[in-house]
Amino acid sequence: MLNYDGEAHTGMDLRYEAFCFADRYFYDVDGYGIETLDSWVSMLSELLRGWRRFDRGDWHVCLPDAVDLPMQGWKVHVAAAPGQARTVLDAVRGYCVQSGLPFKFLRSAKIHANRNAKYADRSASGKLITIYPVDEPALKRVLDDLAEQLTDVDAPHIPGDLRYGKSPLYVRFGGFVERMIIDSRGAAIPALERPDGRLVPESGTQGFQLPDWVRIPGFLKPHLEAQRTEEPIAYQVSNVMHLTNAGAVYLAGRKHDGRQVVLKEARPYTGVDQDGADAVTRLDREARTLTLLAGVPGIPELHERISVWGNEILVLSAMPGVQLGRWLARNYPLTQRETSTSDRVRYTERALAVLGRIERILSDVHRRGLVYGDLNDRNILVDDDDSVSFVDFELTFPAVDPHRPSGATPGFRAPVDRAGYEVDRYAFAVLRLWMFLPMTMVLDLEPDKLADFVRQVRKRFDLPLGYLEEVLAELRPRAARSARRRTAIDQPEVNWTSVRRSIADGVLTSATPQREDRLFPGDIQQFSAGGTGFGHGAAGVLHALDVSGFGRYPAHEQWLLDAVQRQTPVTAGFWDGAHGTIHVLENFGHHAAADELLEKVEPRLPVITCHGLRTGLAGIGLNLLHLAASRQDAGHLWQAIEIGDKLSAMLDNAPLPGPGLRGRAGLMHGWSGPALLFLRLFERTRDRGWLDHADLAVRRDLMECARTPDGSLQVRDRQSTLPYLEVGSAGITLVMEELLMTAPDASVASELPRLRRALLSEFVIQPGLMLGRAGLIGALAAGLRRDPDPLAARALDQHLEWMTLHAVPYHGHIAFPGTHLLRLSMDVATGGAGVLLALASALDGAQLLPFLSEQPLALTGFSTGRTVHAGPGGRV
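So for the sequence shown, this note's numbering puts the first residue at 1399; every next one is plus one.
Encoded structure:
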């Protein structure tokens, strides 16, 4: 990879697309828990005498009994392209067995392909086999023997490792036996032991790095010098615009005149798609395409093609503007508190003009006999004057070609029954709808939502005659479909009791107790943080079902008990770590299990310096305070007070926002989480100093906010402002409402009306609790408990009405799309369980989240003006 100064700036988190291939409905990983037909483990000769063999994650580990394996040292990684992986594996495996060398290898070809996919983790890229030589002479012998044996092997580069000559062998100094230390979030991370016995973090993948006490062997020095000798390049990289396992897109300047260009890099043998094409193959396709499209307005100019350290790079003209998705986020009128007819008319005129320019460029591409192939909001740039350009031509193909490349963007991808120019016409029709309702990704999950979306657009925008009819004609499935699956939320008069029961049934239907990694499908974070936690795991879902009135499920609770026995949560924090699980186990009466987990993670607490509720001290302190009350235990109370003291000192020394220095304000990451702890400490101790700290902490989050054109106060992001619960105004609002119930004269009180305005926007793209509409519903309900404001009540009605637009049928029940709307989710943070909590809070006065208040309330029913009182039987 090129060296650069700067950081990555991307909109959508592209990792999510990599988790879409394994399952039709949910984010998942391929081949969980089963040996597939392409298993490389089953092809190993029968159990070797004198060897121990076992699976660990994606790896099959082989350890000879006669070898005393060091704790750490030089290890060898062997890489191979997919087509040669089996041959290389057989050769290296035989060598290791014959030589008595400890080693491990990936369990199957499918796992190997996933690790080299475009959006796979770069830190795991390329590795097929790991060998553990016991000392430096053994290291040299392994490298020399295998370098001679593995000639002419194609292999991807392994980031962060030192390549041995031109071979597929890479070396690094690292741990042989897993040893962990705790980072500032309370997470366990791999560690190495210094000569003085101290454990320190193992280095990452940003170039080859040696621990300061390790000296490189002499036979490796020439290879290190060769790697450090930078190949001359006529460009100075200033920023990485897009980074994946398959390569990167850089913004750069020509050294001789400073003119800006874009460098598009492809790493060989990575990013292999379903057609077997790797990143370089797609770059070849893009180069040919740009040559054919030379001179077309709005298309980048191809300046040259270069190679740097084996990676292929196209040098392109830099096109002006921002991604269309970012343009829409800045201009879409329905994200404002109130929009006039004139606001919508002005937006409609601009959007139609932009669409017209997109269509003209698309027509120019078609006149050259090409199908663009990947029309979507990320590949279209819009400049300040609303001029348009296209980027990314990896999937462009000749219109006469009967086979179109795989891999188009979800939500814009044409069905398999479209060919040639029809592929682009379909994507353009999606775009025509998306410009007025940017939720079209849901159509991949449920095509029958198309009619609902069109009706919603027709209600909000005055579009030209025939516009929506043309969209419908293009997007309707050509194949005959069964009648739409109606659910409780599709009725003219919505019965929220039935809706909530259906959501709960959908959550329960999705459970997979036969799996060990997760019980309920949710966000992709459950595959890194573990499937037991509160935000994305089983603990939070079981809590939500119980709090929302749908009872306890002993078999699922047993799964949770077994899971925390198998593996301690990665972090100690509340939202995605141990303390959230402890909270639920304690409330369900599993006190021994809660104590055991508490004892395991208690040693992590002294080194945690993260202040937020999600992973840091605020969430841990709140849970310890909860345990103190639950058990009448002074020890937990004093622990919570100590954490409060630590946080108050951190607050006093927290840097103030300034140029280039921003915090992540809100409930989960900001100072609103500590403010909630300070407030609860006051309630327990009656020490008014805690109220002062709470006021100051909320004030600190307010400093991260900006006034928007509609008068609301929202948390500043790089390119926009955020109203959400996790990061945004809703999280601050919730805590401020709690504070003002106890201290109505708090200094921050004057800002509450502007914060509340941020909750009133009509359109929210995601339904979830933390970064979507459900969180705004919960925050509005909390405000209505203190202040029955008619404007807020109408906004709550509107949010409930729009929530029906997010709903998707799942096995006859109701479910909701998770992050980026590409797959369904059932977890608290992003899915159905969180929606249940928000509805229970709004309609019954139930507790939205642990540590917040709960009380009965009466709210105005949406669409009717009738009152819905506390209790589960209210019909709205």
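Ideal Cβ positions, reconstructed from N, Cα and C, are used throughout, including at glycine.
Handout entry: With 16 other Cβ atoms within 10 Å as the buried cut-off, status of D1781
Key = Working through the sequence shown from its first residue, we reach residue 1781 at position 383. Its Cβ having fewer than 16 others within 10 Å, D1781 is exposed.
Handout entry: Range covered by the beta strand (DSSP E) that runs through F1948
Key = The residue given as residue 1948 occupies position 550 in the sequence shown. That residue, F1948, is in no beta strand (DSSP E); it is neither H nor E in DSSP.
Handout entry: Alpha carbon of L2015 to alpha carbon of L1548, nearest angstrom
Key = Numbered from 1 along the sequence shown, position 617 holds the residue referred to as residue 2015. Numbered from 1 along the sequence shown, position 150 holds the residue referred to as residue 1548. If you take the alpha carbons of L2015 and L1548, they lie about 51 angstroms apart.
Exercise for the section: Determine the extent of the beta strand (DSSP E) in which G1471 is found, giving its start and end residues. Expected result: What you label residue 1471 is simply residue 73 of the sequence shown in a count that begins at 1. Bounds of the beta strand (DSSP E) holding G1471 are Q1470 to A1477.
Exercise for the section: Classify G1987 as buried or exposed, calling it buried when 16 or more other Cβ atoms lie within 10 Å of its own Cβ. Expected result: In the sequence shown, counting from the first residue as 1, residue 1987 sits at position 589. By the Cβ neighbour-count rule, G1987 is exposed, with fewer than 16 other Cβ atoms within 10 Å of its own.
Exercise for the section: Would you mind reading off the limits of the beta strand (DSSP E) that contains D1453? Expected result: By 1-based counting over the sequence shown, the position of residue 1453 is 55. Unbroken beta strand (DSSP E) run through D1453: W1449 to R1454.
Problem - Residues near F1417 by beta carbon distance below 8 angstroms, same chain, minus five either side - result: Position 19 of the sequence shown holds residue 1417. Only Y1425, D1426, V1427, I1922, F1925 and R2221 meet the Cβ criterion.
Handout entry: Residue interval of the alpha helix (DSSP H) (run including K1619)
Key = As a first step, residue 1619 is located in the sequence shown; it is residue number 221 there, counting from the start. Looking at the DSSP string, the run of the alpha helix (DSSP H) that includes K1619 is K1619 to R1626.
Exercise for the section: Leaving out five residues on either side along the sequence, give the residues of the same chain with a beta carbon under 7 angstroms from the beta carbon of A2227. Expected result: In the sequence shown, residue 2227 corresponds to position 829, counting from 1. Cβ neighbours of A2227 beyond the five flanking positions: D1921, G1933, H1934, G2166, L2167 and M2168.
Practice task
Give the range of the beta strand (DSSP E) segment to which R1570 is assigned.
Solution key: Position 172 of the sequence shown, counted from the start, is the residue given in the question as residue 1570. For R1570, the enclosing beta strand (DSSP E) starts and ends at L1567 to G1573.
Problem - Any 3 or more C-beta pairs closer than 8 angstroms across the stretch 1743 to 1750 and the stretch 1791 to 1802 - result: Under the Cβ criterion (8 angstroms, minimum of three pairs), the stretch 1743 to 1750 does not count as touching the stretch 1791 to 1802.
Exercise for the section: Kindly identify the DSSP beta-bridge partner or partners of S1506. Expected result: Stepping through the sequence shown from its first residue, residue 1506 is reached at position 108. According to DSSP, which records beta bridges pairwise, S1506 is partnered with S1437.
Problem - Uninterrupted alpha helix (DSSP H) stretches inside the stretch 2184 to 2232 (no shorter than 4 residues) - result: Counting whole runs of 4 or more residues, the stretch 2184 to 2232 contains the alpha helix (DSSP H) stretches 2188 to 2204.
Problem - CB-CB length for V1439 against R1505, believed under 8 angstroms - result: In the sequence shown, the residue the question calls residue 1439 occupies position 41. In the sequence shown, the residue the question calls residue 1505 occupies position 107. Between R1505 and V1439 the Cβ distance is about 5 angstroms, and since that is below 8 angstroms, they are a contact.
Practice task
Report buried or exposed for E1867, applying the criterion of at least 16 other Cβ atoms within 10 angstroms of its Cβ.
Solution key: Taking the sequence shown and counting its residues from 1, one reaches residue 1867 at position 469. With fewer than 16 other CB atoms across the displayed protein chains lying within 10 angstroms of its CB, E1867 is exposed.
Problem - L1649, enclosing beta strand (DSSP E) - first and last residue - result: Start at 1 with the first residue of the sequence shown, and residue 1649 comes out as number 251. Taken as a continuous stretch (DSSP letters only), the beta strand (DSSP E) holding L1649 covers G1645 to R1652.
Handout entry: Pairwise C-alpha distance: R1520 and E1415
Key = Taking the sequence shown and counting its residues from 1, one reaches residue 1415 at position 17. Taking the sequence shown and counting its residues from 1, one reaches residue 1520 at position 122. If I take the Cα positions, the gap works out to 15 angstroms.
Exercise for the section: Just mark N2051 as buried or exposed, buried being the case when its beta carbon has 16 or more other beta carbons within 10 Å. Expected result: In the sequence shown, the residue the question calls residue 2051 occupies position 653. N2051 comes out exposed.
Practice task
Could you spell out where the alpha helix (DSSP H) holding S1761 opens and where it closes?
Solution key: The count along the sequence shown starts at 1 and reaches residue 1761 at position 363. Per DSSP, the continuous alpha helix (DSSP H) segment holding S1761 begins and ends at T1739 to R1765.
Exercise for the section: Could you please give me the residues that DSSP links to G1929 through a beta bridge? Expected result: Residue 1929 sits at position 531 when you count from the first residue of the sequence shown. G1929 pairs with R1916.
Problem - Contacting residues, own chain, Cβ-Cβ under 8 angstroms from D1466 (five flanking each side not counted) - result: In the sequence shown, counting from the first residue as 1, residue 1466 sits at position 68. If we look at D1466 and ignore the five residues flanking it on each side, its Cβ neighbours are V1532.
Handout entry: Anticipated Cβ contact below 8 angstroms, S2046 with I2130, distance rounded
Key = Here residue 2046 corresponds to residue number 648 of the sequence shown, with the count starting at 1. Here residue 2130 corresponds to residue number 732 of the sequence shown, with the count starting at 1. Their Cβ separation, rounded to whole angstroms, is 19 angstroms, which puts S2046 and I2130 out of contact at 8 angstroms.
Practice task
Compare the C-alpha of E1534 against each of L1567, W1472, Y1568 and D1550 and name the closest.
Solution key: If you number the sequence shown from 1, residue 1534 lands on position 136. Put simply, of L1567, W1472, Y1568 and D1550 the residue whose alpha carbon is nearest the alpha carbon of E1534 is W1472.
Problem - Reduced DSSP secondary structure (H/G/I, E/B, other) of V1713 - result: Indexing the sequence shown from 1 puts residue 1713 at position 315. Reduced to three states, the DSSP call for V1713 is strand.
Exercise for the section: State whether the stretch 1943 to 1954 contacts the stretch 1965 to 1978, with contact taken as three or more CB pairs (one from each stretch) at a distance under 8 angstroms. Expected result: Taking 8 angstroms as the limit for Cβ pairs, the verdict is that the stretch 1965 to 1978 does not touch the stretch 1943 to 1954.
Exercise for the section: Within 10 angstroms of the Cβ of G2229, are there 16 or more other Cβ atoms? Answer buried if so, exposed if not. Expected result: Translated into positions along the sequence shown, residue 2229 becomes position 831. Its Cβ being crowded by 16 or more others within 10 Å, G2229 is buried.
Practice task
Could you tell me whether the stretch 2174 to 2186 touches the stretch 2129 to 2148, using the rule of 3 or more Cβ pairs below 8 angstroms?
Solution key: Result yes; three or more Cβ-Cβ pairs closer than 8 angstroms.
Practice task
State yes or no: is the C-beta of L2074 within less than 8 angstroms of the C-beta of W2088?
Solution key: Reading the sequence shown from its first residue, position 676 is the one you call residue 2074. Reading the sequence shown from its first residue, position 690 is the one you call residue 2088. The answer is no: Cβ separation not under 8 angstroms.
Problem - Assigned exposure category for R1735 - 16 Cβ within 10 Å defines buried - result: Indexing the sequence shown from 1 puts residue 1735 at position 337. So R1735 counts as buried.
Handout entry: Integer-rounded CB distance, given that L1544 should sit under 8 angstroms from Y1493
Key = Translated into the one-based positions of the sequence shown, residue 1493 becomes position 95. Translated into the one-based positions of the sequence shown, residue 1544 becomes position 146. About 7 angstroms separates the beta carbon of Y1493 from that of L1544, a gap short enough to meet the 8 angstroms contact definition.
Problem - Own chain, CB closer than 7 angstroms to V1840, minus 5 neighbours either side, in chain order - result: Counted from its first residue, the sequence shown places residue 1840 at position 442. Excluding positions up to five away in sequence, the list reads K1847, V2206, P2215 and L2219.
Handout entry: Beta carbon proximity, D1488 to chain C, threshold 8 angstroms
Key = The displayed structure is made up of one protein chain only, and chain C is not part of it.
Exercise for the section: With DSSP collapsed to three states, give me the class of P1564. Expected result: As a first step, residue 1564 is located in the sequence shown; it is residue number 166 there, counting from the start. Correcting the residue type first, residue 1564 is Lys in the shown sequence and not Pro. Coil at K1564, not helix or strand.
Exercise for the section: Measure from the alpha carbon of V1892 to the alpha carbon of each residue in V1982, N2021 and W2200, then state which is nearest. Expected result: On the sequence shown, residue 1892 is found 494 positions in, with the first residue counted as 1. Nearest to V1892 by alpha-carbon distance, out of V1982, N2021 and W2200, is W2200.
Exercise for the section: Tell me whether Q1607 sits in a helix, a strand or coil according to DSSP, three-state version. Expected result: Here the question's residue 1607 lines up with position 209 in the sequence shown. Q1607 falls in the coil class under three-state DSSP.
Exercise for the section: Could you check if H1989 is buried or exposed, using at least 16 other CB atoms within 10 Å of its CB as the buried criterion? Expected result: What you label residue 1989 is simply residue 591 of the sequence shown in a count that begins at 1. Its Cβ having fewer than 16 others within 10 Å, H1989 is exposed.
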